[in-house]
Amino acid sequence: MRIFVFMRSVLACLVVALGIATASAASPETTPGPREIAAIDGCLAKADADKTGYRDCVGKAIEACLDVDNPGAVFDCQDRETAIWDRKLNESYAILMQGLTSAAKTRLRDMQRIWLSYLEKRCSYEQLWSPSTTGAMKREHGCRLEMTADRMIDL
4 MRIFVFMRSV
14 LACLVVALGI
24 ATASAASPET
34 TPGPREIAAI
44 DGCLAKADAD
54 KTGYRDCVGK
64 AIEACLDVDN
74 PGAVFDCQDR
84 ETAIWDRKLN
94 ESYAILMQGL
104 TSAAKTRLRD
114 MQRIWLSYLE
124 KRCSYEQLWS
134 PSTTGAMKRE
144 HGCRLEMTAD
154 RMIDL
């Protein structure tokens with residue numbers, strides 16, 4: 004019975020992760036371009052050099068996206084930046100996992116699964132208050148961006 008519950012939890016986390024990845028890769032409008040990627044990478048490099056916080060880099064890809072490619076398409080720009088932070092999060096996670104003991108890997112994996120579940124519940128919660136409104140959609144997209152960037156910074 005425990006194995007079934009565990010496997011169902013694993014499957015649910017994978018479905019959530021796949022859903023996030025599929026949603027961010029679903030259309031060209033939400034695929035980050037070189038300008039958005041460079042905005043984040045440049046900011047992170049500057050933050051490393053200046054010993055400042057990575058947190059200041061959140062939103063840089065949106066600025067680049069809105070300035071040039073997509074004036075007024077806030078949701079697409081939020082999704083583009085979320086995809087960048089998600090890729091960086093996955094890269095950081097993979098690097099971190101390489102240096103851990105088996106027990107630590109299990110803990111980190113479990114913690115990440117819990118975080119993915121929380122991300123989904125927390126950000127979809129925004130739609131409960133005013134479903135299908137522009138404000139609720141902007142908050143939900145913004146939530147996903149902020150939480151993904153924060154998680155990458157935490158790792």
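Under our numbering, the first residue of the sequence shown carries the number 4, and numbering increases by one thereafter.
Don't be surprised by glycine CBs; every beta carbon is placed ideally from N, CA and C.
Since we're looking at a predicted model, the values are computed, not measured.
In chain order, Ser-27, Asp-79, Asp-82, Arg-83, Ala-86 place their CB closer than 7 Å to the CB of Thr-33, counting only its own chain and leaving out the 5 sequence neighbours on each side. Of the residues assessed, Thr-151 falls on the buried side of the cut-off, its CB having 16 or more other CB atoms within 10 angstroms.
In this structure, Cys-146 keeps its C-beta atom at 9 Å or more from the C-beta atom of Arg-116.
Here the stretch 123–141 makes no contact with the stretch 54–63; the two share fewer than three CB pairs at distances below 8 Å. For Leu-122, the closest of Ser-105, Glu-143, Thr-136 by C-alpha to C-alpha distance is Glu-143. A straight line joining the alpha-carbon of Asn-93 with that of Gly-56 spans about 20 Å. Around the beta carbon of Trp-118, 16 or more other beta carbons sit within 10 angstroms, so the residue counts as buried.
Arg-90 is the residue among Asp-51, Arg-90, Lys-54, Asp-53 whose C-alpha sits nearest the C-alpha of Ile-40.
Annotated three-state conformation of Gly-138 is helix, per DSSP.
Apart from the 5 residues on each side of it in sequence, Lys-108 sits with its Cβ closer than 8 Å to the Cβ of Met-100 in its chain, given in chain order.
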